[in-house]
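The structure under discussion appears below in the form of structure tokens.
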Amino acid sequence: MDDLREHRFACAPGLKIEAHERLVALQFAQVAATLERIEAVMERLERRLWLAVYGVVAAIGAQAAQGIVGL
Numbered sequence: 001m002d003d004l005r006e007h008r009f010a011c012a013p014g015l016k017i018e019a020h021e022r023l024v025a026l027q028f029a030q031v032a033a034t035l036e037r038i039e040a041v042m043e044r045l046e047r048r049l050w051l052a053v054y055g056v057v058a059a060i061g062a063q064a065a066q067g068i069v070g071l
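The opening residue of the sequence shown carries number 1 in UniProt numbering; numbering runs sequentially from there.
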């Protein structure tokens with residue numbers, strides 16, 4: 001009798017719940033991986049944006065320096 005009590009009963013609803021839990025875990029892992037890729041793309045985009053900002057500031061500074069030297 002003790003063996004029967006320790007044996008876990010596998011019923012269809014229980015198996016569906018376990019399968020659903022595994023599926024949800026896989027989905028969360030996929031979402032986490034996608035989020036990491038999006039964050040990496042955003043970091044690269046931010047670097048490019050700052051490079052463009054510094055380029056514009058350098059161009060304005062160069063024009064200002066030429067104006068001062070030309071006086």
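C-beta: ideal position from N, C-alpha, C; glycine also.
Between which two residues does the alpha helix (DSSP H) harbouring residue i extend?
i, result
"L45", "12 to 70"
For residue i and residue j, I'd like the C-alpha separation in whole angstroms.
i, j, result
"residue 73", "R37", "One cannot answer for residue 73 here, as it falls past the ends of the chain, which runs 1 to 71."
"A54", "A64", "Checking the displayed sequence, the identity of residue 54 turns out to be Tyr instead of Ala. Distance between the alpha carbons of Y54 and A64 is about 15 Å."
"L51", "A58", "10 Å"
"L71", "L49", "34 Å"
Below 8 Å CB to CB, which residues in the same chain sit around residue i once its five sequence neighbours on both sides are set aside?
i, result
"E39", "none"
Residues in its own chain within less than 6 Å of residue i by CB, not counting five upstream and five downstream?
i, result
"T34", "none"
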